[in-house]
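K.L.:
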Amino acid sequence: MNVRFGTLDKKVQAIETRVQSIETNVGTIATRVEVIEARVGALESQLAGLRSDFAGMRHELVDTQHEFKRTLTRLLESLFSFLTDTRDLMLDNDARLKQLESKLA
Numbered sequence: 056m057n058v059r060f061g062t063l064d065k066k067v068q069a070i071e072t073r074v075q076s077i078e079t080n081v082g083t084i085a086t087r088v089e090v091i092e093a094r095v096g097a098l099e100s101q102l103a104g105l106r107s108d109f110a111g112m113r114h115e116l117v118d119t120q121h122e123f124k125r126t127l128t129r130l131l132e133s134l135f136s137f138l139t140d141t142r143d144l145m146l147d148n149d150a151r152l153k154q155l156e157s158k159l160a
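Just so you know, we're using the numbering used here here: the sequence shown kicks off at 56 and counts up by one.
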């Protein structure tokens, strides 16, 4: 009987050793999972910051585009007005020149 208990005791000790080894491995895995979760959390925070920065830059770009369009429209209107005024002055000058030429003739 002692031999049986001795054999069983050795088997139980071997099983306990294996269980301890498995527990150690599980603890190592749990630690690694915690590290990975921390890294994922940091990445999520960085991603949220990048999204916020992108949204801000996008709004700035849209505002800049609108301002550029307004400025360009104002400049084109000024150019058109200048060209129209110049044309009108040239037509008036041509008319006066013809009038003077007709008086001389």
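Even glycine gets a Cβ: it sits at the ideal position worked out from N, Cα and C.
Note down, in chain order, each residue of its chain lying with its Cβ closer than 8 Å to the Cβ of Gln154, except the 5 sequence neighbours on either side.
P.N.:
none
K.L.:
Secondary structure at Ala103, three-state DSSP: helix, strand or coil?
P.N.:
helix
K.L.:
For Phe60 and Ser100, I'd like the C-alpha separation in whole angstroms.
P.N.:
58 Å
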